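Numbering (my numbering), first residue to last: 1184 to 1598.
In this text, a Cβ means the ideal position worked out from N, Cα and C, and glycines have one as well.
Model, not experiment: these values are computed from the prediction.
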């Protein structure tokens, strides 16, 4: 259904994609700054991944047995993120669901604490926002929460990112199994943590006996080890998806030794296939070789400085237009990812970010870019950079963005 979110009333149909370019069925070429909403952060069809997957397809893909590739992937994820033990799955949604099941199992507690306007895939417990009329941490269903299996009031507590007082009050109830967070919000526009926020969050999790789970699915844009390495975070578990498999279905969750020991002690292997964790093709060798090739040859340590520099140029270009045209918007940066908000300052929490959304204005700007051959992520105003994104991408976007703003101001629709 989300494929209908594009600004154009007649959606382009993709015929092929390579590097940072998409070609549609009519032959139009687009600079892709959405990159599959991070799933194609390695670029489209990277040679190393194509070779690895094609080679493996000739040798089978679903054996239900371990592979050497999965061991090597686990070792590389451990090197990057600092957690020693990893499981491979197909999507970050699955990784989040499984990590939360394990958290409830080892703590004996029923609830999950998340940030207001967070994004963790299609995990039921996370489709919740703050109840403005409730006690601290009280949740209500997020707008658009379709056919909820369970009312999130019964499963979830919600607080704003950067609100440590509300976080402590929610944890003090004693029923929170895990705090599940994006290190920075990314799907309501980029909202960065305050200095010292994550250290304080770690201390609160320890104090109240809740596990701390960090979802790096989007914040991998900060560097090879995501926010965990860049900001020296100390989670009990990490979830990572989308980007690590070079466009193939592949994700992972990792845990520290202490949590792994608790999980092992509580798990009955005779019942593991019906325990709600896994899936027949989770950890299949095709995903494993795709992840190995992506991490080993594409999204390498050496690739990130160029990706980040590209995003910085994009952000600089947008800021120059905003300043020159006296427009009170702001730009947020997150490594190889950047985004503009319809607000004079970057929002400090999810509620502020949600209040700044203007869907009609967003659709106009996206459509203006699309017909000029530039694709922006359809859910918000985000640009993401891959190792294959051309050096002039920021300048090309700035030119189109300037023309869009000028047209709106000349018409009187924007002042």
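I need the DSSP call for residue i, collapsed to helix, strand or coil.
i            : result
residue 1580 : helix
residue 1129 : Here the chain comprises residues numbered 1184 to 1598, so residue 1129 is not present and cannot be evaluated.
residue 1396 : strand
residue 1332 : coil
residue 1242 : coil
residue 1339 : strand
residue 1371 : coil
residue 1474 : helix
residue 1490 : helix
residue 1535 : helix
residue 1257 : helix
residue 1585 : helix
residue 1593 : helix
residue 1277 : helix
residue 1454 : helix
residue 1344 : coil
residue 1404 : helix
residue 1288 : helix
residue 1503 : helix
Tell me residue i's beta-bridge partners as DSSP assigns them.
i            : result
residue 1303 : 1305
residue 1294 : 1359
residue 1314 : Answer is none; residue 1314 lacks a bridge partner.
residue 1270 : 1436
residue 1621 : Nothing in the structure corresponds to residue 1621, since the chain is present only between 1184 and 1598.
Who are the Cβ neighbours of residue i in its own chain at under 6 Å, not counting the five residues just before and after it?
i            : result
residue 1536 : 1371, 1372, 1374 and 1530
residue 1307 : 1332
residue 1523 : 1501, 1512, 1514 and 1564
residue 1380 : 1345
By Cβ distance, which residues of its chain are closer than 8 Å to residue i, with the 5 residues on each side in sequence left out?
i            : result
residue 1432 : 1273, 1274 and 1470
Within the same chain, show all residues whose beta-carbon is closer than 7 Å to that of residue i, passing over the 5 residues directly before and after it, in chain order.
i            : result
residue 1408 : 1263 and 1264
residue 1505 : 1512
residue 1202 : 1226, 1227 and 1571
residue 1411 : 1264, 1265, 1397, 1399, 1418 and 1421
residue 1472 : 1235, 1236, 1239 and 1252
Going by Cα to Cα distance, which pick from the options is closest to residue i?
i            : options                   : result
residue 1350 : 1325, 1313 and 1324       : 1313
residue 1457 : 1234, 1281 and 1266       : 1281
residue 1197 : 1210, 1364, 1257 and 1542 : 1210
residue 1192 : 1363, 1554 and 1318       : 1554
residue 1337 : 1557, 1292 and 1347       : 1292
residue 1286 : 1582, 1421 and 1494       : 1421
residue 1562 : 1540, 1582 and 1556       : 1540
residue 1520 : 1528, 1368 and 1587       : 1368
residue 1223 : 1393, 1360 and 1429       : 1429
residue 1195 : 1556, 1586 and 1595       : 1556
residue 1247 : 1217, 1467, 1393 and 1366 : 1467
residue 1366 : 1548, 1277, 1232 and 1403 : 1403
residue 1358 : 1321, 1547 and 1326       : 1321
Less than 8 Å between CB atoms is the rule here; does residue i satisfy it with respect to chain D?
i            : result
residue 1188 : Of the protein chains in the structure, only one exists, and it is not chain D.
Quick check on residue i: buried or exposed, where buried means 16 or more other Cβ atoms within 10 Å of its Cβ?
i            : result
residue 1569 : buried
residue 1270 : buried
residue 1538 : exposed
residue 1250 : buried
residue 1376 : buried
Is residue i a contact residue of the ligand SAH, with contact defined as CB to any heavy atom under 7 Å?
i            : result
residue 1423 : Here there are no bound small molecules, and the ligand SAH is not part of this structure.
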